[in-house]
Structure formats: structure tokens, C-alpha cells
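Everything on this sheet refers to the single structure shown next.
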Amino acid sequence: DRELARLNQELPRLQADPDALRHQQTRNPRVRRLEAVAARSAVDAAYLARWRQRVEAVGNQYYPEASLRYGIYGSLRMLVTVRSDGALEDIRILSPSGHAVLDEAAIRIVRKAAPFPPFPEELRATTDRLEIVRTWQFEQNPLSSG
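For the sequence shown, position 122 (counting from the first letter as 1) is numbered 199 according to my numbering, and the numbering increases by one without interruption.
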């Protein structure tokens with residue numbers, strides 16, 4: 078495999094030069110995607126649970142008024158990318174709710190909840206960026222994500 082041979086040739090230089098290693102990690106970040114069912118390890122599950130609690134707490138505080146006032150409810154699927162330091166990198170709606178006000182509210186809630194806790198050391202050792210995929214449900218009850 079050519080890629081493996083290239084990496085094997087580059088490894089001694091990267092080990093000798095920490096700045097080069099950091100640059101290489103920036104170019105090729107280790108990205109892991111977590112969905113509720115994919116959070117198999119205790120570290121993944123614990124981080125995902127803390128992330129969810131934080132987002133839901135903010136979401137319940139900033140629940141979209143239009144949803145309550147006009148009875149607009151629905152669910153959407155969202156991908157949120159978090160860097161190892163807890164900084165928010167990206168938010169994307171994967172499946173919209175059908176109501177722009179709900180989709181925009183979900184994005185606003187995630188932005189207000191950021192920054193998130195830095196990754197624990199065990200997670201940071203294997204992951205530079207975490208993609209969290211969640212289904213958000215705006216119902217008559219407070220916000221939930223699953």
C-alpha cells in the first residue's frame with residue numbers, strides 16, 4: 078500500500094519534530110462519529126451523556142417561543158463537531174424538521190451551550206474531533222435529544 082509506505086517514511090521526521098507532528102495531525106485529524114448506539118465505550122458514553130445534559134439544559138432555557146406559542150413541534154437530525162479542547166467546530170442539519178424556526182433554534186441552542194468540556198485524556202488519545210449525531214425533538218414537553 079503506497080499510503081502506508083509514505084507514512085512509514087514520514088514517521089521518523091514526525092517523531093523528531095513535534096511541530097511537524099502537530100501540523101500532520103491538523104492536516105489529518107482523527108475524527109470519530111458518535112451516535113447514541115455507537116457510544117459503546119464508557120469514555121464515549123460518559124462524554125456523550127455530559128454533552129447531552131449541557132445541551133438539553135440550555136435548550137430548555139432557550140426553548141423556541143414560536144414552538145410554544147403556535148404549537149409548532151417536530152424533530153430534526155443534527156451533526157455537531159466538537160474539537161478535543163471542547164470548542165464547537167461545526168453544526169449541520171442532516172434531516173430538517175420541516176420548520177425553519179425549529180432548525181434555527183437547535184443551531185442556536187448548540188452555539189449557546191458551547192464551549193463543551195474538553196475531551197478526557199483517554200478520548201483525547203484517540204480522537205481530535207468528535208462528530209455527535211443526535212435527533213432533536215421539540216415537543217410540548219421540554220427539548221430532548223436521543
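Glycine included, each C-beta is placed from N, C-alpha and C at the ideal position.
Report task. Please classify residue 211: is it buried, with 16 or more other beta-carbons within 10 angstroms of its beta-carbon, or exposed? Result -> buried
Report task. Specify whether the region 185-203 and the region 116-134 touch according to this definition: at least 3 beta carbon pairs, one from each stretch, less than 8 Å apart. Result -> yes
Query - Which listed residue (202, 153 and 198) has its alpha carbon closest to that of residue 183 - result: 153
Query raised in the report: With residue 127 and residue 194 assumed to form a contact (beta carbons below 8 Å), what rounded beta-carbon distance in angstroms separates them?
Result: 6 Å
Query raised in the report: When the Cα of residue 180 is compared with those of 122, 161, 151 and 121, which residue comes out closest?
Result: 151
Query - Bridge partners - residue 212, DSSP secondary structure assignment - result: 154
Query raised in the report: Which term fits residue 141, buried or exposed, when burial requires 16 or more other beta carbons within 10 angstroms of its beta carbon?
Result: buried
Requested in this report: Count the other C-beta atoms from every protein chain shown that fall within 10 angstroms of the C-beta of residue 175, then say buried if there are 16 or more, exposed otherwise.
Outcome: exposed
Query - residue 129, DSSP secondary structure in three states - result: helix
Query raised in the report: What whole-angstrom Cβ distance do residue 120 and residue 208 have, given they're in contact under 8 Å?
Result: Rounded, the Cβ-Cβ distance is 16 Å, inconsistent with contact.
Query raised in the report: In three-state DSSP terms, what is residue 186?
Result: helix
Query raised in the report: Secondary structure at residue 144, three-state DSSP: helix, strand or coil?
Result: helix
Query raised in the report: Whose C-alpha, out of 156, 124, 215 and 110, is nearest the C-alpha of residue 163?
Result: 124
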